[in-house]
Structure formats: structure tokens, C-alpha cells
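Asker: Residue numbers (the numbering used here): 46 to 784. Heads up, the beta-carbon is just placed ideally off N, CA and C, and yes, glycines get one too. Questions regarding the structure given below will be posed in turn.
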């Protein structure tokens, strides 16, 4: 019995111990889970803090783009234009005084959103008209897409003008979360009607992908500003960073503005200029309202405000590029040098003027980098990240700008190719017979070659695929620059990307000092003493160098070119323009190069036409002119052509044009599509091609007009008939624009 009792006691003790172990084990499990939950919460908190810190470092980006605002159409360039808000923002920020855009709407907007030159998007020629089945390349990424990947909310308000023939071309399909504005290029400010020829008109105001009916009577600049303020009001600045592209239609024609804005300019005798100035004032008020909303809703302290025009002004409709040469649609400085500034509390060096060379393609990598995004997958970018240049005043990584190469722009009938022998040799003139033979050869070449490039684009245009092309083969250089001593550093391989060139072409012409040192140019062509004497007569003597082109190709990926024959490296009859360092080269027909003074009548050319024009040479010699060279730093108004004095520089820049041309894709300029007629779509401009249709495959890249159209052109009976027709069209256009 005692043994049984002892066993029972032992069992009870063991059970107590086991129960305690179980309780301790059950108690330890919640503690472990609690520790794990605490660690996970700590990690989540750290991640949230990292994301919050990243969002705080991501600035809100407000990009304000105006249309057709010229160099002389802003208050800090011209006090007669009343823009107090723009003047103040520019004075407190960084004014960009060496900033370039494209001469017309579509190319500038395409380069802003893609960061690529238009030769790489197929938009080299003209604009995208409402009836054309064309738009941005479908495979090419855009700025809002990259910003949205970085966590941004992206919105666009205003003018699109980048094609809409199918829904895939719409802004909401190109990276914008919302869109409110017009799809075509020129819209009535009150009725929102847009025309693409007589009888082909329709309503053009859209909210996302639907037509925004019922907005007639509201001034577009005011309407777009109200939508921008609504976006700022409804967006939480602490939640997500914001990218807002406010693409104002102003100050593009038609010249329409509320009467209250015209009153301050009542003393202007020029009616068109008066209306134009009033429209600039509406832009200034719009910017004031947007900046007020940025402060009110908590965006301003962490924001970057960028103001830019898309191209130069048209003097015939009230604009002014004075004192720059040329106008909208031309490659003179008046057409491509734009007004721009950056205003931001985040700028490290504010209240200054920047003369660094910048281009509209630079905004893509600059803004993506500022937003903490990734551009590694954006292949073929032609822009540079210039934020250190803007914010800190560092040297610009850009030393070169390709304004454009347009193989479809036909040269004048009597244009003569730039000849190396004629310009480079200083000996006696060639006999007249040789010149006549040379002309005949050129005339025979024109029918055979559409652009006479002797490069890849001379081949039959392949079906347009909208792929940004990189050189398939290594470009063959035409001439070579040798330094004084053997270079110790290795030359970069030719397969590097074109967008990361850092070419530098320093110059010192017409007595203007260059900004850096010089190097010796040695070419294979023999240069006799008389040639050097002839060059020395046209400019001051130069020390230790026959030319002042230093290390232009040292940082390029191409081999150093060398002159091998009397043939120029580029067909000068092709419309093209390039800027390298201080130098700018124009070939072909760059457009009417007049210096139009302010306050001239924008009607038929009168006595003022010759006020600022150089003494015109004979008609014969002026008709043969197709090559211009300017030192833009020393001569920003392009009044002194140095092409004959500096053939060495001309050849260098022609070689650069030839190189760029090898990277160009075929021009995509299709014919009008009758299905685009707004009459078929309830009176509105909307996409008309189904997504399943392969519209681009119908055309072999370039739109070629038939022979019938050529025959019609030749039916002009007399020169006076052409002149009357020109003025009739000009008058009709002005009346249609309601000037």
C-alpha cells in the first residue's frame, strides 16, 4: 500500500512538472510571435520612412510651355511688354539666355517629351497636321512615363499637337494620368474650332479621351489655368510628387484676347502687336495664378517651375524676335533661340543669368534625374542632365546642337552646292567653262538623288518603323585633325552612343576671343602660301595656330576627319542646321533671314522691309547662296557670314551633319486621310483609325506627291501671277486667323 501511495505521489509531481512545461511553452509562443511582429513593424516603419524621405526629395515639377513667344516678347527683354510675374520669377531664379528650341510646334514638343532629336523620331519635316495619320513613335518612351515609374502623378493641360489619329497616340496613352486641352495645332480661343483647310473644321477640346462639349465662350488661357489650379487643389503634395505640363495655346494665332488686357497697350499703333502683347499679359496672369496655387496648397517649397517657349515668334502676326534674325519656321536665331527660365527654392545659386548652352531635349534626362528616376532604359537620348548647370552654375555638358536635317525640304532651283575648291583655294578663279560644266553635273544629279546625300538615306525609303536608329556601320570620316603631339589618351570607340558626345569646337573669328586654347589643324589637302595669306587678310593674325578649332573631336566617338578629296562632306543644298561650340552652320534654305524691327506693320512688305536687311547682292549670286557660317558668341544676331573666310570650319560642321545623318530614321510624313473629317465624327476632331489597323505600313516612310501635282505647279503663267497668288494666300490666312 505504501508503495502504491508513493507511486501516486510521484505521478502527481510529474504531472505538475509537465503542466508547468506546457504552460511555459504556450507562454513562449506569443512572445516569439510578438518579437517577430515587432521586427516586421520596425522594417515596415523603416521602409515607410525611406519612401517618405524619397518623396520629400522628389520635387513637384511644373512645366509651363507657351506657343510662338519670341525673344522680344517678354518683359525682361522688352520693357514695353508687361509681364511682372514672369520678370520676378526669372529674376529670383535662373534665366536661360543660351537656350534653344525648334522652329515649329511639333518638333519642339516631340523633343521635350522624348529627349531625342527629330531625326530620330521621323518628324524631321513640318508639323503633324490634323488629318495626317502620324504621331510619336509607339515604341519610344516619354518623359511622363518615366516620371510615373518614379512615383509621380502626371497631368497635362493645354495644347498637344503630337498626333491623335489612333487612341494609342493620345496623351493619356503616352504617360499622362489626365489630359484636358486641344489635340490639333491651332484652335479658336473661344469656340475651340480648328480647321485643316477650307470646309474641314471641327470642335477640338477634350477631357481625357472624351470630347469636352459645352465649353464655348470661355477663353482658353483662363480655362486651362482653372483646370491646372483644380489639379493642384485636389492633389495631396505629401502623398505623391506631381508633374504638371501646362501647355498654353497662347500666344499662337488667332490673335484673340479679352478687351481688358488690350487697354494697357492702347498706345501701340500696330493693332496686331497690341493684341499680341495683350495675349502675353494673359500668360503672365495665368502663371501668377498657378504660382499662387502652388503656395496656397503647399507645393511651392518643394517645387521646380520651368517656363519655356516652343519656338520663335512670327512678326507678321504681332510677335517679335528683335534683335535676332529670322522668325518662326526658320533656323536663324530668331526661330530657334527661346525664352526660358527656371524658378525654384531648390536652386543652389539663384538670382543669376545662365549663358550655358542648353536645348529642349535636355529636359527629359534632367527632370527624370531630378525625380530620382531611371533613364538607363531610355536608349538613344540626345539630351543631357543639365541640373548641375542650372542649379549650381557648373559648365554645361552640352557643346553641340543639331537643329535639324530635313531631306524633304526642296532647295531652290538655282541653288549651287558648296565647293571646297571655290572656298578653300585662294588662287586665281577657275575658267567659266569649268563652272558651267559643274552646274550641269549638279543639275543631272538632282533627278537621280532625292536628297543627294550619298549616305544611307539616299537608298529607297524602307517602311517606317518608328525605331530610333543607331549607326549600323561605322561612319567613314572625311578629314582628320591631328594634335601637336601624339595623344596619350585612347580615342573612344565608335560604337558609343551619340547622345553622350561632348564635342567642343572653340573659335575666335572676326577678332572675337575664344574661351579656351587652340590647336593646330593639319589636313591632307595642300594649302599653299597664297591661301594662308588670303585667310589672314580676312581676320587678325593668330598665334601658334592656323585655325582656332581646339579639341572638337577629341571627346567624340568618331575618328578625326581628314579631307581626302575636293568633294565636300555634305550636300549643301539640303536644309540643315547645326551648332557646335561658338559656331553655327546653315545649309540649304534656312528660311527668310530678315531682322524685323518691332512695331512694323504685319501686312504686306513696305519700306520697313529693307530697314535692317543687309545690302542685297545681285539676284544671281544670292540665288546660289546655300551655306552660312556664324560665330554666335561674337555675332548673336547673325550679321556677319564667315563661310567664305573659314572653309575649314565649314567642313568640320559639314562632317558632323554627315555623321548625324547616318543615325537618322526615314521621314514619316503621310498624306491626309479623308476618314479624319470631323463631319464623320459628330463635328469633332477625334481618333479615326482602329487599333488593329496597320496604318503606318501603308506608306513607305515618306509621303511622295504624284506627277500630277508637279504638273499643276508648273502652270504659273507669269511672275506677277505668282506674286498676286502669294499675297492672296497671305491675306486669306490672316483673315482666317482673325487678325
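Under the rule that 16 or more other beta-carbon atoms within 10 Å means buried, what is residue 615, buried or exposed?
Answerer: Classification of residue 615: buried, given that the 10 Å Cβ count is 16 or more.
Asker: Rounded to whole angstroms, what is the Cα-Cα separation between residue 252 and residue 156?
Answerer: The straight-line gap from Cα to Cα measures roughly 24 Å.
Asker: In terms of residues, what are the limits of the beta strand (DSSP E) holding residue 204?
Answerer: Looking at the DSSP string, the run of the beta strand (DSSP E) that includes residue 204 is 198-204.
Asker: Thinking just about the alpha-carbon of each residue, which of 171, 263, 209 and 438 is nearest to the one in residue 636?
Answerer: Selected option, being the one with the closest Cα: 171.
Asker: Does the stretch 412-425 touch the stretch 367-382, meaning 3 or more C-beta pairs lie closer than 8 Å?
Answerer: In short, these stretches do not touch, since the Cβ pair count stays below three.
Asker: Pick helix, strand or coil for residue 408, following the three-state DSSP scheme.
Answerer: Residue 408 falls in the helix class under three-state DSSP.
Asker: So, for residue 254: in the same chain, excluding its five sequence neighbours on each side, which residues have a beta-carbon less than 7 Å away from its beta-carbon?
Answerer: 212, 215 and 217.
Asker: Should the stretch 280-290 be called in touch with the stretch 180-199, which here means at least 3 C-beta pairs below 8 Å?
Answerer: Taking 8 Å as the limit for Cβ pairs, the verdict is that the stretch 180-199 does touch the stretch 280-290.
Asker: Please state whether DSSP places residue 263 in a helix, a strand or coil.
Answerer: Three-state result, residue 263: coil.
Asker: Below 8 Å, how does it come out for the stretch 692-702 and the stretch 148-162: are there three or more Cβ pairs, yes or no?
Answerer: The stretch 692-702 is not in contact with the stretch 148-162.
Asker: Output the distance between the C-alpha atoms of residue 384 and residue 158, rounded to the nearest integer angstrom.
Answerer: Approximately 18 Å, taken between the alpha carbons.
Asker: Which residues share a DSSP beta bridge with residue 624?
Answerer: According to DSSP, residue 624 bridges with 446 and 629.
Asker: Using CA coordinates, which residue listed in 348, 167 and 431 is at the minimum distance from residue 444?
Answerer: Closest option to residue 444, Cα to Cα, is 431.
Asker: Using C-beta distances below 6 Å, list every residue in its chain close to residue 703, excluding the 5 sequence neighbours before and after it, in chain order.
Answerer: Correct list, in chain order: 614 and 615.
Asker: In three-state terms, what does DSSP make of residue 208?
Answerer: Three-state result, residue 208: coil.
Asker: So, for residue 723: in the same chain, excluding its five sequence neighbours on each side, which residues have a beta-carbon less than 6 Å away from its beta-carbon?
Answerer: Excluding residues within five positions, the ones whose Cβ falls inside 6 Å are 247, 729 and 730.
Asker: What is the C-beta distance between residue 365 and residue 643, in whole angstroms, given that I count them as a contact (C-beta under 8 Å)?
Answerer: Confirmed, about 5 Å.
Asker: Express the C-alpha separation of residue 136 and residue 351 in angstroms, rounding to a whole number.
Answerer: If I take the Cα positions, the gap works out to 13 Å.
Asker: Who are residue 252's beta bridge partners in DSSP?
Answerer: In DSSP, residue 252 forms a bridge with 225 and 255.
Asker: What residues are listed by DSSP as bridge partners for residue 385?
Answerer: For residue 385, which the question treats as bridged, DSSP gives the partners 141 and 353.
Asker: Indicate whether residue 179 and residue 208 have their beta-carbon atoms separated by less than 7 Å.
Answerer: In this structure, residue 208 lies closer than 7 Å to residue 179 by Cβ.
Asker: Examine the Cβ distances between the stretch 159-166 and the stretch 345-363 and report whether three or more of them are shorter than 8 Å.
Answerer: The stretch 159-166, when compared against the stretch 345-363, does not touch it at the 8 Å Cβ threshold.
Asker: Rounded C-beta distance between residue 202 and residue 269? I'm assuming under 8 Å.
Answerer: Contact holds; Cβ gap of about 5 Å.
Asker: May I ask you to report which of helix, strand or coil DSSP gives residue 399?
Answerer: Correct three-state label for residue 399: strand.
Asker: Flag this pair as yes or no: are the beta carbons of residue 165 and residue 425 separated by less than 7 Å?
Answerer: Yes, the Cβ-Cβ distance between residue 165 and residue 425 is below 7 Å.
Asker: Near residue 132, what residues of its chain come up, given a Cβ to Cβ distance below 6 Å and the 5 sequence neighbours on each side ignored?
Answerer: Answer for residue 132: 120 and 121, listed in chain order.
Asker: With distances taken between CB atoms, is the gap from residue 446 to residue 210 smaller than 7 Å?
Answerer: For residue 446 and residue 210, no; Cβs fall outside 7 Å.
Asker: If you count every other CB in all the chains shown that lies within 10 Å of the CB of residue 416, and 16 or more means buried, which is it?
Answerer: Classification of residue 416: buried, given that the 10 Å Cβ count is 16 or more.
Asker: Taking the runs of the beta strand (DSSP E) that are 3 residues or longer, which of them lie wholly in the stretch 672-725?
Answerer: Correct list: 672-676.
Asker: Near residue 175, which residues of its chain fall below 7 Å by C-beta distance, leaving aside the five closest residues on each side in sequence?
Answerer: Around residue 175: 229, 239, 241, 721 and 730.
Asker: Please report the distance separating the alpha-carbon of residue 684 from that of residue 321.
Answerer: Using only the alpha carbons, I get a separation of about 27 Å.
Asker: Would DSSP call residue 111 helix, strand or coil?
Answerer: Residue 111 falls in the strand class under three-state DSSP.
Asker: Starting from residue 305 and walking both ways along the beta strand (DSSP E), at which residues does that stretch end?
Answerer: Where residue 305 is concerned, there is no enclosing beta strand (DSSP E), although the alpha helix (DSSP H) it sits in stretches over 304-307.
Asker: In the structure shown, what three-state DSSP assignment does residue 314 receive?
Answerer: Residue state, collapsed to three classes: coil.
Asker: What does DSSP give as the partner residues of residue 451 in its beta bridges?
Answerer: Beta-bridge pairing links residue 451 to 620.
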